[in-house]
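See structure below.
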Amino acid sequence: MIQSGQLRQKVTLVNFAASTIDSWGGQVEGAKTTTTAWCNVKPEVGKEIDDA
Numbered sequence: 035m036i037q038s039g040q041l042r043q044k045v046t047l048v049n050f051a052a053s054t055i056d057s058w059g060g061q062v063e064g065a066k067t068t069t070t071a072w073c074n075v076k077p078e079v080g081k082e083i084d085d086a
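Here the numbering used here is used: the first residue of the sequence shown is 35, the next is one more, and so on.
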C-alpha cells in the first residue's frame with residue numbers, strides 16, 4: 035500500500051514534469067515565431083538556411 039505522502043510526492047513530480055514540458059514547448063513555439071519573423075525580414079538569408 036502506498037503511503038499518502040509518497041503518493042503526494044509522485045503527483046507533485048508529475049505536475050512539475052508537465053509544467054516543465056509546457057514551458058519548454060512554449061520556448062520552442064517562441065523560437066519558431068522568432069525564426070519565421072526573422073526569415074520574413076531577411077528572405078535571402080532564410081533561403082540559405084532552408085538549402086543548408
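Think of the CB as a built atom: it goes at the ideal place given N, C-alpha and C, for glycine as much as any other residue. Because the structure is a prediction, the values reported are computed rather than measured.
If you draw a straight line from the alpha carbon of residue i to that of residue j, how long is it in whole angstroms?
| i | j | result |
| --- | --- | --- |
| residue 38 | residue 44 | 10 Å |
| residue 64 | residue 46 | 27 Å |
| residue 49 | residue 62 | 20 Å |
| residue 66 | residue 74 | 12 Å |
| residue 51 | residue 71 | 30 Å |
| residue 53 | residue 69 | 24 Å |
| residue 41 | residue 55 | 21 Å |
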